[in-house]
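Protein chains in written order, with our numbering: chain Z, 2 to 194; chain G, 1184 to 1358.
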């Protein structure tokens, strides 16, 4: 199902990426598989959730629809490849489907919670909004261990069939920019050691 | 800035049992945004804390008198800050954690000229304790107990050019 490119050049890109380590893989799924996954998301129950940093519509974790479950199974089977790309041993992954409609967002955060042990985050894009919804990465300046300056360093456009992998640590700040028009559909989660 | 009858200590004393029971109180129409002139403000942005404009102001006796009459406690002013939120602005729990006064009381006056919709939320763990709606003229008094944190919800593009102006006074208990 998943068509990984040669991981060696991807590992070099991942290691060299700024503001923190990340990699972008376009065309991860064949168009027919992507279409099935997209149908799965459209059938998945998504419930609006709003909190301190988010307004969006997550699905169940693990997902309910067979097409989504098949994708997550394929991700589990890809741990060795993702380990090679990201330069650390990963053994399992979780995730859920998400929809962001106009006005939805995910404010800057790091994903790093010691008790959860997340190592590498991923997002696979099923549908791009008409405007907004980019994944924004921040460069952080620290002093005595505290973040004292943050600057937008990179905006990754949402494109169908695109996978983004990025490392998780305290200073790996990122956000999903507000969707201004249309709908942003994705599946996202984390790889764990 | 506090409107009658909420500038009357005897009226606030009657509301005190409700404040003591809820550890908070929301008073719609208790301040007058038309009487307030915003001073020059400084831009603040740290992605993990918030994006807003801020002005540090000298303490105001009328706000302390209001808070003391409502709570029945002697209070010491800790800070008075004016926050302005426009489209794309927010503040997070972490930002609050760096300046919160606890135990104490926080009084917020909504001095906005219009409704933009995004509330301020006080929360303890995953439990929402109080949602302070964004309504011009509204005054909220909240006891800042340990473990209670606040965030100002993100203002989406749909607010257009509207601005949310919140004057916040933090007090610590004097006794």
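The C-beta atom is built at its ideal place from N, Cα and C for all residues, glycine as well.
Inset, instruction - Tell whether a beta-carbon distance below 8 Å holds between residue 80/Z and residue 71/Z. - result: no
Legend entry - Meets three-Cβ-pair contact criterion under 8 Å: the stretch 1332-1349 of chain G and the stretch 1243-1252 of chain G: no
Inset, instruction - Could you list the residues in the stretch 1339-1351 of chain G with a C-beta less than 8 Å from some C-beta on chain Z, going in chain order? - result: 1339, 1340, 1341
Legend entry - Nearest-angstrom Cα separation, counted from residue 96/Z out to residue 73/Z: 7 Å
Legend entry - Cβ shell of residue 1344/G (< 8 Å), same chain only, five flanking positions each side left out: 1269, 1270
Inset, instruction - Could you run through the stretch 1213-1232 of chain G and flag, in chain order, every residue whose CB is less than 8 Å away from some CB of chain Z? - result: 1228, 1229, 1230, 1231
Legend entry - Contact set between the stretch 1275-1292 of chain G and chain Z, restricted to residues whose Cβ is under 7 Å from the partner: 1275, 1276
Inset, instruction - Determine the chain Z residues that contact residue 1334/G at a beta-carbon separation under 7 Å, and present them in chain order. - result: 53
Legend entry - Assigned secondary structure, residue 1306/G (DSSP; H/G/I helix, E/B strand, else coil): strand
Inset, instruction - Could you tell me whether the Cβ atoms of residue 100/Z and residue 184/Z are closer together than 8 Å? - result: yes
Legend entry - Touching by the beta-carbon criterion (3+ pairs, under 8 Å), the stretch 174-181 of chain Z and the stretch 1188-1203 of chain G: no
Inset, instruction - Work out the CA separation of residue 46/Z and residue 65/Z for me, nearest whole Å. - result: 8 Å
Inset, instruction - Give the residues of chain G in contact with residue 192/Z, contact being defined as C-beta atoms less than 7 Å apart. - result: Correct list: empty, because the minimum Cβ distance to chain G is about 23 Å.
Inset, instruction - Give the single residue among 89/Z, 15/Z, 19/Z, 190/Z whose Cα lies nearest to the Cα of residue 26/Z. - result: 15/Z
Legend entry - Where residue 1273/G meets chain Z, residues with beta-carbon distance less than 8 Å: 108
Inset, instruction - Using a Cβ-Cβ cut-off of 8 Å, state whether residue 143/Z counts as contacting chain G. - result: no
Inset, instruction - Please name the residue or residues paired with residue 192/Z in a DSSP beta bridge. - result: 94/Z, 121/Z
Legend entry - Within-8 Å CB hit, residue 1337/G to chain Z: yes
Inset, instruction - Would you mind reading off the limits of the alpha helix (DSSP H) that contains residue 39/Z? - result: 32-44
Inset, instruction - Closer than 7 Å by beta-carbon distance: list the chain G residues that pair up with residue 179/Z, in chain order. - result: 1339, 1340
Legend entry - Closest residue to residue 1358/G among 1287/G, 1277/G, 1348/G, 1205/G (Cα-Cα distance): 1287/G
Legend entry - DSSP state of residue 169/Z mapped onto helix, strand, coil: coil
Inset, instruction - Measure the CB-CB distance between residue 127/Z and residue 181/Z and report whether it falls below 8 Å. - result: no
Legend entry - residue 20/Z beta carbon less than 8 Å from that of residue 1230/G: no
Inset, instruction - Starting from the C-beta of residue 1222/G, find all residues in its chain whose C-beta is less than 8 Å away, skip the five residues before and the five after it, and write them out in chain order. - result: 1238, 1240, 1265
Legend entry - Option in 1320/G, 1341/G, 1350/G, 1305/G with minimal Cα separation from residue 1206/G: 1305/G
Inset, instruction - Can you grab the Cα-Cα spacing for the pair residue 1339/G / residue 1300/G, in whole Å? - result: 9 Å
Inset, instruction - Report yes if the CB atom of residue 1282/G is closer than 8 Å to the CB atom of residue 1348/G, and no otherwise. - result: no
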